[in-house]
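Visitor: In terms of our numbering, the sequence shown opens at residue 38 and continues consecutively. Just so you know, even glycine gets a beta-carbon here, dropped at the ideal spot from N, CA and C. Keep in mind it's a predicted model, so treat the numbers as computed, not measured. Below is a structure I'd like to ask you about.
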Amino acid sequence: MNRIENIINILKDVSQQPAKAIKNSMEETGKKAVGCFPLYTPEEIVYASGMIPVGLWGGQKEIKKADKYLQSFCCSIMRENMENGLEGSYDFLSAIIIPAYCDTLKCVCENWKVAVPDIPMIAMVYPQNRKISAGTEYLVNEYERVKDELEKISGNKITEKELEKSIDLYEEYRKTMSQFIAIASKYLRTIDVKTRHMIIKAAYFTDKKWYIPLINELITELYKLPEENFGGIKVVATGIMAEPETLLDTLVQNDIAFAADDLAHESRQFRTGVPDNGKPLEKLALRITHSQKCSLLYDEQKSRGNMLVNLVKESNADGIVIFMMKFCDPEEFDYPIYKKELEAAKIPMLYLEIEQKMDSVEQIRTRIQSFKEMLTG
Numbered sequence: 038m039n040r041i042e043n044i045i046n047i048l049k050d051v052s053q054q055p056a057k058a059i060k061n062s063m064e065e066t067g068k069k070a071v072g073c074f075p076l077y078t079p080e081e082i083v084y085a086s087g088m089i090p091v092g093l094w095g096g097q098k099e100i101k102k103a104d105k106y107l108q109s110f111c112c113s114i115m116r117e118n119m120e121n122g123l124e125g126s127y128d129f130l131s132a133i134i135i136p137a138y139c140d141t142l143k144c145v146c147e148n149w150k151v152a153v154p155d156i157p158m159i160a161m162v163y164p165q166n167r168k169i170s171a172g173t174e175y176l177v178n179e180y181e182r183v184k185d186e187l188e189k190i191s192g193n194k195i196t197e198k199e200l201e202k203s204i205d206l207y208e209e210y211r212k213t214m215s216q217f218i219a220i221a222s223k224y225l226r227t228i229d230v231k232t233r234h235m236i237i238k239a240a241y242f243t244d245k246k247w248y249i250p251l252i253n254e255l256i257t258e259l260y261k262l263p264e265e266n267f268g269g270i271k272v273v274a275t276g277i278m279a280e281p282e283t284l285l286d287t288l289v290q291n292d293i294a295f296a297a298d299d300l301a302h303e304s305r306q307f308r309t310g311v312p313d314n315g316k317p318l319e320k321l322a323l324r325i326t327h328s329q330k331c332s333l334l335y336d337e338q339k340s341r342g343n344m345l346v347n348l349v350k351e352s353n354a355d356g357i358v359i360f361m362m363k364f365c366d367p368e369e370f371d372y373p374i375y376k377k378e379l380e381a382a383k384i385p386m387l388y389l390e391i392e393q394k395m396d397s398v399e400q401i402r403t404r405i406q407s408f409k410e411m412l413t414g
């Protein structure tokens with residue numbers, strides 16, 4: 038086994054056994070862990086408190102208990118998170134943070150207090166008018182409140198020095214991941230869609246100080262190889278996330294790879310950095326101010342469609358695959374607008390409505406095969 042395969046297998050193991058990975062990290066470092074619901078949860082503040090941020094992005098469990106608190110028309114990520122909380126899968130967490138972007142997240146905030154009272158919940162709200170000074174000031178105040186709550190839970194004072202160190206670490210993470218995404222597009226056989234997904238996913242369940250050097254080593258090893266001639270179909274992926282893994286297996290089987298992505302679970306997390314100047318919490322707030330073209334952040338210009346068109350052209354992709362998380366209102370509201378723009382640009386589209394736990398992907402398999410036939414003639 039060469040070093041590339043070794044690194045990939047290490048990261049795959051983390052992404053497939055997240056609880057084990059986090060508990061191992063907690064034992065090795067003596068740190069507590071805090072769960073972070075999607076999206077843009079301020080992990081830097083958690084890390085500065087001396088605790089490990091853990092991404093909570095659902096799972097593939099059968100829903101048995103969460104139906105008491107969330108309706109069947111709520112998105113599967115939130116239902117799975119609630120199920121995990123009720124089942125005790127999150128009992129090793131010292132707290133969770135929930136950013137209330139949508140109606141479902143607002144409901145989860147209140148229901149969690151009753152459903153899982155033993156795990157403290159820190160709710161926060163991002164401003165809609167985030168590009169005005171009042172929006173930035175409001176968000177700084179929200180971060181201050183989150184910081185105060187985390188200090189109580191961790192027992193540690195979060196200093197500006199620790200915040201700066203944490204922000205620097207996460208900036209290094211964001212830059213490293215941007216480099217990985219760029220080089221992965223040149224090695225679409227070695228880094229197929231499932232492998233790519235699992236490498237990125239592993240970051241949610243590890244200490245960034247451990248994860249970053251491993252990704253840098255992987256990048257170095259890939260650069261030693263000649264660029265691969267893929268020959269299959271290259272697409273841009275957009276949506277909240279590309280799961281379940283059986284769906285990714287189907288894409289691999291049909292020789293479809295991601296030339297680039299606009300997935301909330303993947304590139305949206307690290308495509309925008311913090312500014313150089315300002316106090317730590319102001320920098321974090323301005324990162325949200327500068328973030329664009331995401332369904333969960335208010336965008337009066339609705340510029341996501343133009344971004345997707347450009348992303349397809351820049352990555353020389355053959356088309357775009359839309360991973361529509363079922364019952365995700367913000368994504369569904371965006372779709373009709375960017376669909377028209379993609380059609381006007383004559384970009385082939387494949388629309389897949391997904392849930393995290395799907396009994397069968399056969400209908401999706403048929404649609405993927407039809408999309409492939411359309412592109413290959």
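Can you tell me where the beta strand (DSSP E) holding residue 356 begins and where it ends?
Guide: 356-362 is the span of the beta strand (DSSP E), which, as asked, contains residue 356.
Visitor: Cutting at 7 angstroms between CB atoms, please list the residues of its own chain near residue 317, excluding the five before and the five after it.
Guide: Excluding residues within five positions, the ones whose Cβ falls inside 7 angstroms are 197, 200, 201, 204.
Visitor: Under 8 angstroms between the Cβ atoms of residue 121 and residue 105?
Guide: Not closer than 8 angstroms, so no.
Visitor: Out of curiosity, what's the CA-to-CA distance linking residue 87 and residue 186?
Guide: So the alpha carbons of these two residues sit roughly 13 angstroms apart.
Visitor: Between the alpha carbons of residue 385 and residue 129, how many angstroms are there, rounded?
Guide: Distance between the alpha carbons of residue 385 and residue 129 is about 45 angstroms.
Visitor: Could you tell me if the beta carbon of residue 173 falls within a distance shorter than 7 angstroms of some heavy atom in the ligand ATP?
Guide: No copy of the ligand ATP appears in this structure; indeed no ligand is present at all.
Visitor: Rounding to the nearest angstrom, what Cα-Cα distance links residue 383 and residue 406 in this structure?
Guide: Spanning the two alpha carbons is a distance of roughly 20 angstroms.
Visitor: If you draw a straight line from the C-alpha of residue 69 to the C-alpha of residue 91, how long is it?
Guide: Using only the alpha carbons, I get a separation of about 10 angstroms.
Visitor: Are residue 177 and residue 322 close, meaning C-beta to C-beta below 8 angstroms?
Guide: Going by C-beta atoms, residue 177 is nearer than 8 angstroms to residue 322.
Visitor: Just checking my contact of residue 143 with residue 137 at CB under 8 angstroms: how many whole Å lie between their CB atoms?
Guide: Residue 143 to residue 137, Cβ: 5 angstroms. Contact.
Visitor: Should residue 118 go down as buried or exposed, given a rule of 16 or more other Cβ atoms within 10 Å for buried?
Guide: The residue in question, residue 118, is buried, as its Cβ has 16 or more Cβ neighbours within 10 Å.
Visitor: Taking only the alpha-carbon atoms, compute the straight-line gap between residue 330 and residue 229 and give it to the nearest angstrom.
Guide: Distance between the alpha carbons of residue 330 and residue 229 is about 26 angstroms.
Visitor: Using three-state DSSP, classify residue 286 as helix, strand or coil.
Guide: Of the three classes helix, strand and coil, the one that applies to residue 286 here is helix, per DSSP.
Visitor: Could you tell me if residue 262 is buried or exposed, where buried requires 16 or more neighbouring beta carbons within 10 angstroms of its beta carbon?
Guide: Classification of residue 262: exposed, given that the 10 Å Cβ count is below 16.
Visitor: With H, G and I counted as helix, E and B as strand and the rest as coil, what does DSSP make of residue 144?
Guide: Residue 144: helix per DSSP, three-state reduction.
Visitor: Which residue from 191, 159, 311, 328 puts its Cα closest to that of residue 179?
Guide: Out of 191, 159, 311, 328, 159 has the C-alpha closest to the C-alpha of residue 179.
Visitor: With which residues is residue 133 paired in a DSSP beta bridge?
Guide: Residue 133 pairs with 72, 158.
Visitor: If you draw a straight line from the alpha carbon of residue 341 to that of residue 375, how long is it in whole angstroms?
Guide: Whole-angstrom Cα-Cα distance: 7 angstroms.
Visitor: Residue 100 lies in the alpha helix (DSSP H); which residues open and close that run?
Guide: No alpha helix (DSSP H) holds residue 100; DSSP gives it neither H nor E.
Visitor: Measuring CA to CA, which of 48, 112, 126 is closest to residue 368?
Guide: Taking only the C-alpha atoms, the option nearest residue 368 is 112.
Visitor: To the nearest angstrom, report how far apart residue 364 and residue 243 are at their CA atoms.
Guide: Their backbone Cα atoms lie some 30 angstroms apart in a straight line.
Visitor: Leaving out five residues on either side along the sequence, give the residues of the same chain with a beta carbon under 7 angstroms from the beta carbon of residue 79.
Guide: So the list reads 180, 183, 321, once near-sequence residues are dropped.
Visitor: Report all residues from its chain with a CB closer than 6 angstroms to the CB of residue 392; omit the five preceding and five following residues, and keep chain order.
Guide: Result list for residue 392: 113, 363, in chain order.
Visitor: In the structure shown, what three-state DSSP assignment does residue 335 receive?
Guide: DSSP places residue 335 in coil when its eight states are reduced to three.
Visitor: According to the neighbour-count rule (16 or more other Cβ atoms, all chains shown, within 10 Å of its Cβ), is residue 411 buried or exposed?
Guide: So residue 411 ends up on the exposed side.
Visitor: Drop a sphere of 10 angstroms on the beta-carbon of residue 271, count the other beta-carbons inside from all chains shown, and report buried for 16 or more, exposed for fewer.
Guide: With 16 or more other Cβ atoms within 10 Å, it is buried.
Visitor: Can you grab the Cα-Cα spacing for the pair residue 50 / residue 222, in whole Å?
Guide: C-alpha separation (whole angstroms): 22 angstroms.
Visitor: How long is the line joining the alpha carbons of residue 168 and residue 218, rounded to whole angstroms?
Guide: Those two C-alpha atoms are separated by around 28 angstroms.
Visitor: Among all the DSSP beta bridges, which residues are the ones paired with residue 92?
Guide: Its beta-bridge partners are 73.
Visitor: For residue 292 versus residue 269, is the C-beta distance shorter than 8 angstroms?
Guide: Their beta carbons are under 8 angstroms apart, which means residue 292 touches residue 269 by this criterion.
Visitor: Does any CB atom of chain C fall closer than 8 angstroms to the CB of residue 161?
Guide: In summary, chain C is missing from the structure at hand, where a single protein chain is found.
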